[in-house]
Amino acid sequence: DAGITQSPRHKVTETGTPVTLRCHQTENHRYMYWYRQDPGHGLRLIHYSYGVKDTDKGEVSDGYSVSRSKTEDFLLTLESATSSQTSVYFCATSGQGSNQPQHFGDGTRLSIL
Amino acid sequence: AQTVTQSQPEMSVQEAETVTLSCTYDTSENNYYLFWYKQPPSRQMILVIRQEAYKQQNATENRFSVNFQKAAKSFSLKISDSQLGDTAMYFCAFMKLTYNDMRFGAGTRLTVKP
């Protein structure tokens with residue numbers, strides 16, 4: 055597929071601690087996305103990037119920040135994790151062009167106690 | 524804002540039979556794309572099929588086909604000759620052309636019974 059690697063695959067941490075999730079892609083795709091998946095909600099967009107240092111908010115961006123210093127890496131940071139941010143997080147990428155579907159990483163299961 | 528609704532939280536079908544999953548969406552856009560993704564227990568998100576809104580012909584991929592009704596804003600997925608490996612969550616998704624921004628429905632859990 056699109057060569058997307060998410061790290062870590064699983065993480066357990068405590069409320070109030072900072073957490074950073076990493077997404078690495080090898081396809082030189084322009085667009086990158088972070089989603090969270092919760093029961094009954096499907097996937098909801100947190101933030102996305104349309105180029106290096108170009109990012110914007112999605113529908114559930116509160117409490118999250120992102121950075122993209124290189125084409126291949128897109129970081130998601132929870133500055134001070136809360137229990138409501140316990141979720142499965144997916145990274146996705148999409149190539150240039152309006153008809154390109156998104157390709158997904160394998161997800162990161164994050165538990166905040 | 525675009526919304527995507529999947530009204531069937533769970534469905535089941537006997538192996539070798541046909542099942543249809545429903546999806547409706549709301550948008551003011553005229554050009555867009557629609558997708559069905561499959562998520563098996565392995566948690567991977569796998570693209571099943573896609574449809575361009577400007578194409579009237581319904582997309583088909585082997586046993587998977589869609590019924591796209593643009594005026595009704597409906598996009599259902601038909602799975603023919605269901606197989607045990609089709610057991611998964613299925614997500615309908617709408618994509619705007621800007622930044623390939625995608626919105627997902629809440630999903631339908633499909634179980635194929637032997």
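Going line by line, the protein sequences match chains S and B.
For the first sequence, this note's numbering assigns the number 55 to the initial residue and increments by one for each residue that follows.
For the second sequence, this note's numbering assigns the number 524 to the initial residue and increments by one for each residue that follows.
Ideal Cβ positions, reconstructed from N, Cα and C, are used throughout, including at glycine.
In this text the structure is predicted, and so the values were computed from the model without any measurement.
- Within the region 559-632 of chain B, the beta strand (DSSP E) runs of at least 3 residues that lie entirely inside it are, in chain order, 569-575, 587-592, 597-602, 611-618, 625-627.
- Contact annotation: B/F587 and B/V527 have beta-carbon atoms that are not nearer than 8 Å.
- Residue contact with chain B for S/L130: absent (no Cβ-Cβ distance below 8 Å to any residue of chain B).
- Contacts with chain B (Cβ-Cβ distance below 8 Å) from the region 149-167 of chain S involve S152, N153, Q154, P155, Q156, H157, F158, D160, G161, listed in chain order.
- Taking the Cβ atoms as the reference, S/T131 lies roughly 5 Å from S/T74, within the contact range of under 8 Å.
- The beta carbons of B/E533 and B/T631 sit about 7 Å from each other, so the pair counts as a contact at 8 Å.
- Look at S/L75: its C-beta is not under 8 Å from any C-beta on chain B.
- S/I166 is bridged by DSSP to S/T67.
- The C-beta distance from B/V635 to B/S605 rounds to 5 Å, short enough to fall under 8 Å.
- With 16 or more other CB atoms across the displayed protein chains lying within 10 angstroms of its CB, B/A576 is buried.
- Residue state for B/Q531 is assigned as coil, using DSSP reduced to three classes.
- Non-local beta-carbon contacts of B/F591 in its own chain, meaning distances under 6 Å to residues more than five positions away in sequence, involve Q574, N581, F598 in chain order.
- Rounded to the nearest angstrom, the gap between the Cα atoms of S/S165 and B/Q579 is 44 Å.
- Residue burial is scored here from C-beta neighbours: B/Q537 has fewer than 16 other C-beta atoms within 10 angstroms and is therefore classed as exposed.
- Beyond the five residues adjoining it in sequence on each side, S/Y104 comes within less than 8 Å, by CB distance, of R84, Y85, D110 in the same chain, given in chain order.
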